[in-house]
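Just below is one structure, and these are the notes that go with it.
Protein chains: 2
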Amino acid sequence: MALIVQKFGGTSVADPDKIRNVARRVMKKAAEGNRMVVVLSAMAGETNRFVDLATQMQAIPDPREMDVLLSSGEQVTVALFAMAVKDEGMNAVSLLGDQVKISTDNTHTKARIKEINADLIKQHLDNGTIVVVAGFQGVTADGDITTLGRGGSDTTAVALAAALKADQCEIFTDVDGVYTTDPNICSRARKIDRITYDEMLELASLGAKVLDIRSVGLAKRFKVPVHVRSSFTETEGTWVVEEDDTMESMLVSGVTYNKNEATITISRVPDTPGTAAKLFTPISEAGIVVDMIIQNTRAGDLTDMTFTVPRSDYERAMRIVNEVAGEIKAESVNGSLGITKVSIVGVGMRNHSGIATTLFNVLAREGINILMISTSEIKVSCVIEEKYTELAVRALHDAFELERDNQPVPE
Amino acid sequence: MALIVQKFGGTSVADPDKIRNVARRVMKKAAEGNRMVVVLSAMAGETNRFVDLATQMQAIPDPREMDVLLSSGEQVTVALFAMAVKDEGMNAVSLLGDQVKISTDNTHTKARIKEINADLIKQHLDNGTIVVVAGFQGVTADGDITTLGRGGSDTTAVALAAALKADQCEIFTDVDGVYTTDPNICSRARKIDRITYDEMLELASLGAKVLDIRSVGLAKRFKVPVHVRSSFTETEGTWVVEEDDTMESMLVSGVTYNKNEATITISRVPDTPGTAAKLFTPISEAGIVVDMIIQNTRAGDLTDMTFTVPRSDYERAMRIVNEVAGEIKAESVNGSLGITKVSIVGVGMRNHSGIATTLFNVLAREGINILMISTSEIKVSCVIEEKYTELAVRALHDAFELERDNQPVPE
Numbered sequence: 001m002a003l004i005v006q007k008f009g010g011t012s013v014a015d016p017d018k019i020r021n022v023a024r025r026v027m028k029k030a031a032e033g034n035r036m037v038v039v040l041s042a043m044a045g046e047t048n049r050f051v052d053l054a055t056q057m058q059a060i061p062d063p064r065e066m067d068v069l070l071s072s073g074e075q076v077t078v079a080l081f082a083m084a085v086k087d088e089g090m091n092a093v094s095l096l097g098d099q100v101k102i103s104t105d106n107t108h109t110k111a112r113i114k115e116i117n118a119d120l121i122k123q124h125l126d127n128g129t130i131v132v133v134a135g136f137q138g139v140t141a142d143g144d145i146t147t148l149g150r151g152g153s154d155t156t157a158v159a160l161a162a163a164l165k166a167d168q169c170e171i172f173t174d175v176d177g178v179y180t181t182d183p184n185i186c187s188r189a190r191k192i193d194r195i196t197y198d199e200m201l202e203l204a205s206l207g208a209k210v211l212d213i214r215s216v217g218l219a220k221r222f223k224v225p226v227h228v229r230s231s232f233t234e235t236e237g238t239w240v241v242e243e244d245d246t247m248e249s250m251l252v253s254g255v256t257y258n259k260n261e262a263t264i265t266i267s268r269v270p271d272t273p274g275t276a277a278k279l280f281t282p283i284s285e286a287g288i289v290v291d292m293i294i295q296n297t298r299a300g301d302l303t304d305m306t307f308t309v310p311r312s313d314y315e316r317a318m319r320i321v322n323e324v325a326g327e328i329k330a331e332s333v334n335g336s337l338g339i340t341k342v343s344i345v346g347v348g349m350r351n352h353s354g355i356a357t358t359l360f361n362v363l364a365r366e367g368i369n370i371l372m373i374s375t376s377e378i379k380v381s382c383v384i385e386e387k388y389t390e391l392a393v394r395a396l397h398d399a400f401e402l403e404r405d406n407q408p409v410p411e
Numbered sequence: 412m413a414l415i416v417q418k419f420g421g422t423s424v425a426d427p428d429k430i431r432n433v434a435r436r437v438m439k440k441a442a443e444g445n446r447m448v449v450v451l452s453a454m455a456g457e458t459n460r461f462v463d464l465a466t467q468m469q470a471i472p473d474p475r476e477m478d479v480l481l482s483s484g485e486q487v488t489v490a491l492f493a494m495a496v497k498d499e500g501m502n503a504v505s506l507l508g509d510q511v512k513i514s515t516d517n518t519h520t521k522a523r524i525k526e527i528n529a530d531l532i533k534q535h536l537d538n539g540t541i542v543v544v545a546g547f548q549g550v551t552a553d554g555d556i557t558t559l560g561r562g563g564s565d566t567t568a569v570a571l572a573a574a575l576k577a578d579q580c581e582i583f584t585d586v587d588g589v590y591t592t593d594p595n596i597c598s599r600a601r602k603i604d605r606i607t608y609d610e611m612l613e614l615a616s617l618g619a620k621v622l623d624i625r626s627v628g629l630a631k632r633f634k635v636p637v638h639v640r641s642s643f644t645e646t647e648g649t650w651v652v653e654e655d656d657t658m659e660s661m662l663v664s665g666v667t668y669n670k671n672e673a674t675i676t677i678s679r680v681p682d683t684p685g686t687a688a689k690l691f692t693p694i695s696e697a698g699i700v701v702d703m704i705i706q707n708t709r710a711g712d713l714t715d716m717t718f719t720v721p722r723s724d725y726e727r728a729m730r731i732v733n734e735v736a737g738e739i740k741a742e743s744v745n746g747s748l749g750i751t752k753v754s755i756v757g758v759g760m761r762n763h764s765g766i767a768t769t770l771f772n773v774l775a776r777e778g779i780n781i782l783m784i785s786t787s788e789i790k791v792s793c794v795i796e797e798k799y800t801e802l803a804v805r806a807l808h809d810a811f812e813l814e815r816d817n818q819p820v821p822e
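The listed protein sequences correspond, in order, to chains P and V.
Counting in our numbering, the first sequence tops out at residue 411, every number present.
Counting in our numbering, the second sequence tops out at residue 822, every number present.
This is the structure in structure tokens:
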């Protein structure tokens, strides 16, 4: 008899029929003898409706009140879901964030969970009741409602699974798992059966579509086995788990790309101490997150620096850099919006040195110029011209034979 | 500087524009130096939408979950309202039933308020903040959400006014006050400026359209002056207050009618002790509320009994009475659905004996037969044939000169 936390997103509970289908699915697991906790999002479309209403009241809606508004969405789904379960003959109880209770800090609209009291849920589970928890929401020490931000229901589910020491946490979504790359670009993309927490974190741009990245960090910290799967089929999805021996044979787990970045290059800056600080302090103070930074030293104590920022922050970042450029005596400032970051991710890289080389060779063979390179223990990222994105992704997917679930180990 | 509780119903907060208008109205009062507490209902239409969703899940929705569902409606309006106030430059905070907190018993969907903690509201008022409270909802000792049933937001407003010792409680609605009779029947109906709690309670059938009757009882108990007025105009409405000397001059405050009753007559019952008990015990046990009961003793120790029940309970009541009829040896049982109860209400009646006589004379003059009569200290009710309803109401309104706000005292 396992304790299972199951999370269903907004598209899975978009209308009464879908809610009933999901309820039946949960009840089947309960009938098999499992103790079931269900975490639900708001019905698809509700959050947009609320945001639309809120912005009619206030251009930038008050964050505390936004949370009061948004959290009402999950309140609706958990109540309807509990009714459906009761209608089908089992017992269920809905619990809101403050009823559980899920304590958070008071950063409204993107609060962080501080503590979960699992007592009430356990009591209900002991009585054989299916516990239906409103995802995405918590409560501050002062009793104010908070929400956890984008993907918050995933976080609720994993955090509950950790607090309850659940045997597994299943995240039901509208795709059937994590793929080796974007199937829209590469028809040979393959669903990954098992992947480590670290790989999943690095595959953020793939993972974001199926599993909120914060919840992966939480799952890693508390060793919660997470199963990402489709709410519309019975097929197994992708298990996100701790690294084990069987994973060594996988060198590369996936190829990912990110088109939401831009590069800024500052050329021929005198290479003196404090230059980087002068450049990046005002950017950081403006709340702009810099991803990659590359510095090449030229002859004559001059240096070139290139870094990436989110495309949405590009204009602001360029303004700041142009202001600083004179102060640090840079010769020129250039930027580009037409770039993509392509990455290969895999825990097997740690023990095999040829991976980056293969990557460079593949891109060279396709005539794709590499603008920037950055590496981590289990990832190699290259910035390339945006127009080559699909070509690069397909070539890398083929080169590492990701369509096979047992890749050959290179010589 | 007064402490004012203002309640706005669903039609007053039906969309963002209306919410903003109401917010401005409240802020105007706040700018005059008043401490403002606002109680809001769900946006018009939301409750129906929720009921529709719920009945798709369960034919008779689970009451606990129904309350979770319904209470989300007020949560939306209070958040939007607080945003509107902030957008217009004042401070506001929304509070839900469990945040205030409004403690109730655990009779879901029609809970009764047991206690209100006014501390948090007072703190916010002391800071000059407009406090926006979700109407209609409370919380049990176990932390479950409850709702107060039909008209519950009026009850929330009056209960808050009592707990806060507010100077006044204003109930904003879509009509501009309480009228001497139904303006749809009698074009000379006049808006009443001041009326006592007791009269308002007796005028239930008029009052129900503008003010929930439970809230009037609460207002009476805690001596809360209630002002019922239109949310669409600035015109003064009707004050519901304690009786004072100036009211003596008003003999009759209003004429009301109720078409939702039916009569049942049991003829020629032997007049022995216990007959009434045998008849009314099973009716009461079936949850049927009997309003008027009339008993006439005939010659020969036989008696006739007539009583009224709600029309919706008529069939059930007839079945019960027919079963009992044999036991109590009644000769016949008859019933009628085609009746109306017409009443005149006024505290001035206490000191003037001619009122009932005038009523009887007026009806006689119009050729209207009186089927039953019942009196209380401040009310006289007659059951008449339904077809005479409008005629009777207009004739009585004219006879007592209710279109004048200073009626002549009869000789």
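Idealized CB from N, CA, C, for every residue including glycine.
Treat the numbers as computed from the prediction; the structure is a model and nothing was measured.
For residue j and residue i, the rounded distance between their alpha carbons
{"i": "T717(V)", "j": "L125(P)", "result": "55 Å"}
{"i": "V409(P)", "j": "V26(P)", "result": "Legend: pLDDT at V409(P) = 48, less than 50; position of this residue unreliable, no value from coordinates given."}
{"i": "R435(V)", "j": "E485(V)", "result": "19 Å"}
{"i": "E822(V)", "j": "K634(V)", "result": "With a pLDDT of only 38 at E822(V), under the threshold of 50, the placement of this residue in the model should not be trusted; the figure read from the coordinates follows. Spanning the two alpha carbons is a distance of roughly 34 Å."}
{"i": "V333(P)", "j": "P427(V)", "result": "47 Å"}
{"i": "G254(P)", "j": "K86(P)", "result": "43 Å"}
{"i": "R190(P)", "j": "Y179(P)", "result": "5 Å"}
{"i": "P472(V)", "j": "F547(V)", "result": "18 Å"}
Neighbour flag for residue i against chain V, beta carbons, 9 Å
{"i": "R20(P)", "result": "yes"}
{"i": "V409(P)", "result": "Annotation note: pLDDT 48 at V409(P) (below 50); position unreliable, no value reported."}
{"i": "S94(P)", "result": "yes"}
{"i": "Q58(P)", "result": "yes"}
{"i": "R24(P)", "result": "no"}
Run of the beta strand (DSSP E) containing residue i, from where it starts to where it stops
{"i": "K122(P)", "result": "Element bounds for K122(P): not the beta strand (DSSP E) but the alpha helix (DSSP H), D119 to D126."}
{"i": "L713(V)", "result": "L713 to P721"}
{"i": "P681(V)", "result": "E672 to P681"}
{"i": "Y257(P)", "result": "G254 to N258"}
{"i": "F172(P)", "result": "Q168 to T173"}
{"i": "A775(V)", "result": "Looking at the DSSP string, A775(V) is not in any beta strand (DSSP E); the run it does join, the alpha helix (DSSP H), is I766 to R776."}
{"i": "R431(V)", "result": "Element bounds for R431(V): not the beta strand (DSSP E) but the alpha helix (DSSP H), P427 to A442."}
{"i": "L3(P)", "result": "L3 to F8"}
Contact with chain P by residue i, beta-carbon distance below 9 Å
{"i": "F461(V)", "result": "yes"}
{"i": "S482(V)", "result": "yes"}
{"i": "P472(V)", "result": "yes"}
{"i": "A574(V)", "result": "no"}
{"i": "M501(V)", "result": "no"}
{"i": "A552(V)", "result": "no"}
Within 9 Å, strictly: CB atoms of residue i and residue j
{"i": "G676(V)", "j": "D715(V)", "result": "Checking the displayed sequence, the identity of residue 676(V) turns out to be Thr instead of Gly. Result yes, Cβ atoms of T676(V) and D715(V) sit closer than 9 Å."}
{"i": "V627(V)", "j": "V663(V)", "result": "no"}
{"i": "I541(V)", "j": "V449(V)", "result": "yes"}
{"i": "N369(P)", "j": "P310(P)", "result": "no"}
{"i": "L507(V)", "j": "A545(V)", "result": "yes"}
{"i": "E610(V)", "j": "V753(V)", "result": "no"}
{"i": "P282(P)", "j": "I320(P)", "result": "yes"}
{"i": "L396(P)", "j": "T181(P)", "result": "yes"}
{"i": "L571(V)", "j": "V433(V)", "result": "no"}
{"i": "T520(V)", "j": "G560(V)", "result": "yes"}
Residue i classed as buried or exposed, judged by whether at least 16 other C-beta atoms fall within 10 angstroms
{"i": "V139(P)", "result": "buried"}
{"i": "S695(V)", "result": "exposed"}
{"i": "S483(V)", "result": "buried"}
{"i": "T104(P)", "result": "buried"}
{"i": "K631(V)", "result": "buried"}
Terminal residues of the alpha helix (DSSP H) in which residue i lies
{"i": "K401(V)", "result": "Chain V is shown from 412 up to 822; residue 401(V) falls before or after that span and cannot be answered."}
{"i": "L629(V)", "result": "I624 to F633"}
{"i": "G737(V)", "result": "Y725 to E738"}
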